[in-house]
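See structure below.
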Amino acid sequence: SQQGEEDPQALSIQEGENATMNCSYKTSINNLQWYRQNSGRGLVHLILIRSNEREKHSGRLRVTLDTSKKSSSLLITASRAADTASYFCATDSGATNKLIFGTGTLLAVQP
Amino acid sequence: EAGVVQSPRYKIIEKKQPVAFWCNPISGHNTLYWYLQNLGQGPELLIRYENEEAVDDSQLPKDRFSAERLKGVDSTLKIQPAELGDSAVYLCASSRTVYNEQFFGPGTRLTVL
């Protein structure tokens, strides 16, 4: 079973634009993580945000977390063609140390 | 540092045949995970090892799936017999401990005909 639902399922933007994708989850979490997956490099960890944090930055990535709404968003600024990939959120409830992945957002950045 | 190694990368078999996947985690990583990823979905955990011990195998279909990590290093996941619905990507991941970031291998894409 998947914990997270991501929105939109697919997103197409032009290079240089910002991309925002959202993740909603069902149960209380210890932390939420974002991963990127493309055919060339497999699944890669991008950023982790803990339940007591509201916002986190890493390079061109900005993640927010709203535990009251059980939702998170990932913003990629100044997108590049190389950002084309599927993006997944994954939640760790802490109780089982098990990551539960969402369904993913397929991002296409047009050059 | 070498990443997580998986082999084979691709496997095509007839239904009812057995198949095995191999994973070599990053050196020094005690925790090893096997995930199943269906097309258009996120990965789902099949089994997690802490060293040699399988500490979470609740999602592993034990009638046909088995896994082992005999020396606490590399691991093998087996399906016997394979069914059409087993067609998917099988991902292996490792982490230093269960509290650390997981690093994923490239996966094995299985096609059952």
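Residue numbers (the working numbering), protein chains in the order written: chain A, 1361 to 1471; chain B, 8 to 120.
Idealized CB from N, CA, C, for every residue including glycine.
All values reported here derive from a predicted model rather than from experimental measurement.
- Of the residues B:F111, B:W41, B:N107, the one whose Cα lies closest to the Cα of N1390 (chain A) is B:N107.
- In the three-state reduction of the DSSP assignment, A1441 (chain A) falls in the helix class.
- Ranked by Cα distance from S1428 (chain A), the first of A:G1464, A:T1387, A:L1403, A:I1409 is A:T1387.
- Look at G1402 (chain A) here: in three-state DSSP terms it is strand.
- For the stretch 46 to 72 of chain B, the set of residues with a beta-carbon nearer than 8 Å to any beta-carbon of chain A comprises G47, Q48, G49, P50, E51, L52, R55, D63, in chain order.
- Residue state for L1459 (chain A) is assigned as strand, using DSSP reduced to three classes.
- Boundaries of the beta strand (DSSP E) harbouring L1371 (chain A): 1370 to 1374, taken from the DSSP string.
- Put simply, the CB of N1457 (chain A) is near chain B, with a gap under 8 Å to one of its CB atoms.
- Secondary structure within the stretch 12 to 52 of chain B: the beta strand (DSSP E) runs of 3 or more consecutive residues, fully enclosed, are 12 to 14, 17 to 20, 26 to 31, 38 to 44 (chain order).
- The C-alpha of T38 (chain B) is placed about 12 Å away from the C-alpha of N31 (chain B).
- Here D64 (chain B) carries a coil assignment [DSSP, helix/strand/coil].
- For I1436 (chain A), the enclosing beta strand (DSSP E) has its first and last residue at 1431 to 1436.
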